[in-house]
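Okay, so the sequence shown: first residue is 3 according to the working numbering, each after it adds one.
Beta carbons are placed, not taken as given, at the ideal position from N, Cα and C, and that holds for glycine.
Accompanying notes for the structure given below.
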Amino acid sequence: MSTNGSPFRTTAAITAVHAYVPEKVLSNHDLEGMVETNDAWITERTGIKERRILGKGVGTSEIGVRSIRGICEKRGIDPLEIDLVICATVTPDHVFPATANIICDRVGAKNAWGFDLMAACSGFLYALTTGAQFIETGRYKKVVVVGADKMSSIINYEDRSTCIIFGDGGGAVLLEPNTEGYGVMDSVLYADGAGCQYLHQKSGGSVSPPTIRTVEANEHAVFQEGKAVFKFAVTNMADVSAEIMERNHLRSEDVAWLVPHQANLRIIDATARRMGLSEEKVMVNIDRFGNTTAGTLPLLLWEWEPKLKPGDNLVLSAFGGGFTWGAIYVKWAYGG
Ligand code: UT7
Numbered sequence: 003m004s005t006n007g008s009p010f011r012t013t014a015a016i017t018a019v020h021a022y023v024p025e026k027v028l029s030n031h032d033l034e035g036m037v038e039t040n041d042a043w044i045t046e047r048t049g050i051k052e053r054r055i056l057g058k059g060v061g062t063s064e065i066g067v068r069s070i071r072g073i074c075e076k077r078g079i080d081p082l083e084i085d086l087v088i089c090a091t092v093t094p095d096h097v098f099p100a101t102a103n104i105i106c107d108r109v110g111a112k113n114a115w116g117f118d119l120m121a122a123c124s125g126f127l128y129a130l131t132t133g134a135q136f137i138e139t140g141r142y143k144k145v146v147v148v149g150a151d152k153m154s155s156i157i158n159y160e161d162r163s164t165c166i167i168f169g170d171g172g173g174a175v176l177l178e179p180n181t182e183g184y185g186v187m188d189s190v191l192y193a194d195g196a197g198c199q200y201l202h203q204k205s206g207g208s209v210s211p212p213t214i215r216t217v218e219a220n221e222h223a224v225f226q227e228g229k230a231v232f233k234f235a236v237t238n239m240a241d242v243s244a245e246i247m248e249r250n251h252l253r254s255e256d257v258a259w260l261v262p263h264q265a266n267l268r269i270i271d272a273t274a275r276r277m278g279l280s281e282e283k284v285m286v287n288i289d290r291f292g293n294t295t296a297g298t299l300p301l302l303l304w305e306w307e308p309k310l311k312p313g314d315n316l317v318l319s320a321f322g323g324g325f326t327w328g329a330i331y332v333k334w335a336y337g338g
């Protein structure tokens, strides 16, 4: 029993969502002219048909800025009301300052503080869990969680094993206190640093700072051992999604939507099968946007927002570099 007279504890409800993808499209056919690949292979092995590309000189903050402006308009709030902005990304505008700070400045969130959080494709799950704590404790009333990446800034467009997968985009959600039983209900997060060898950016950090050699060797681009990552991803994303259902006594019929990270359609299908969900309950937009890393989950929520109803049980799940993985159970708070 909470102390505010409500039978429910204070939870962090998602009260608005907005997202942004750039207009420029990079299709499978475009990639056929850049590396030795073909539309049929990419479609069959990943489910991707096209992805979006942010312009030169435009950073990840642009995605956060547009998303927060959309949220303020939808929710009818002033940016000055925002207490905290957490930005999940592996492609910050700069190594420092934090992209969250740049976003706060650009949207006029003068009363907010913020920080970036790096957990690759699980970044939005980590950031949502973190942001929810500040609401649950009563510390803040309005927390924005951004998940955004400009993956094209760290992709080698001569490496066919990675350039076909990733795209640019992302979005944000607003978290506010709720005492009616809606919002972030539970979260299960994992990390295993031993996975670094299979998916990483070799240079640019303190171990191997940028030099002419590292640039010439393309060590600032994503390195991925796809097959190895696939094996870990397919098992762990399905397991953690089943785990969060069991912990919360959710049967397949209780789950309205699976909101899965968009890395590979085969991983998404395996996760849905494990949860006993039919494909109508699975949000998928990988065909149009590819893998936007921390951006995939808010992008899905934004696209599906009109279909969501108060009380819908959502399971968000992801697997990514680190390795990092996890799942969050959200009870949706408002009608689309
Ligand atoms: O989001 C963060 C976590 N990341 C993931 O979850 C990604 C997990 N991994 C994957 O999604 C898949 O492993 C990939 C999509 C990256 C690759 O698919 P795959 O089915 O594992 O292919 P593969 O790497 O085993 O390659 C199979 C064949 C190879 O040829 P051989 O050796 O069989 O002759 C590759 O050289 O396909 C070849 N190949 C390609 N062919 C055409 C690899 N990339 C391409 C390509 N186009 N783009």
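Between Leu176 and Ile73, the gap from beta carbon to beta carbon is short of 8 Å.
Exposure of Met36 is indicated by the presence of fewer than 16 other C-beta atoms within 10 angstroms of its C-beta. One thing to note: Thr93 has its Cβ no nearer than 8 Å to the Cβ of Asp161. Taking all protein chains in view, the Cβ of Asn40 is surrounded by fewer than 16 other Cβ atoms within 10 Å, so the residue is classified as exposed.
Judged by DSSP secondary structure, Ile88 falls within the beta strand (DSSP E) whose first and last residues are 86 to 90. Closer than 7 Å to some heavy atom of the ligand UT7: that does not describe the Cβ of Phe291.
For Glu52, the enclosing beta strand (DSSP E) starts and ends at 52 to 54. Taking the CA atoms as reference points, Val23 sits about 25 Å from Ala114. Taking a contact as a CB-CB distance under 8 Å, the pair Tyr200 and Ala230 counts as one, their CB atoms being some 5 Å apart. Between Gly324 and Ala122, the CB-CB gap stays under 8 Å.
The residues Ser254, Val257, Leu260, in chain order, have a CB closer than 7 Å to that of Leu279 in the same chain once the five nearest residues on each side in sequence are set aside.
Every residue whose Cβ sits closer than 7 Å to any heavy atom of the ligand UT7 is listed here in chain order: Val37, Glu38, Thr39, Asn40, Trp43, Ile44, Arg47, Thr48, Ala122, Cys123, Arg162, Ser163, Ile166, Ile167, Leu201, Gln226, Gly228, Lys229, Val231, Phe232, Ala235, His263, Ala265, Asn266, Ile269, Asn293, Thr295, Phe321, Gly322, Gly323.
Under the three-state reduction of DSSP output, Glu281 falls in the helix class. Beyond the five residues adjoining it in sequence on each side, Gly322 comes within less than 6 Å, by CB distance, of Ala122, Cys123, Ser124 in the same chain, given in chain order. Put simply, of Gly195, Asp85, Glu25 the residue whose alpha carbon is nearest the alpha carbon of Lys112 is Asp85. Under the three-state reduction of DSSP output, His20 falls in the strand class.
In this chain, the alpha helix (DSSP H) harbouring Gln135 covers 125 to 138. Ranked by Cα distance from Leu119, the first of Gly110, Val146, Arg141, Glu138 is Val146.
In the structure shown, the three-state DSSP call for Asn287 is coil.
The beta-carbon separation of Leu299 and Gly197, rounded to 20 Å, does not stay under the 8 Å limit for a contact.
Ile166 and Lys76 have their C-alpha atoms some 34 Å from each other. DSSP, reduced to helix, strand and coil, places Gln199 within a helical segment of the structure shown. Counting only residues of its own chain and dropping the five nearest sequence neighbours on each side, Trp306 has a CB closer than 6 Å to the CB of Met285.
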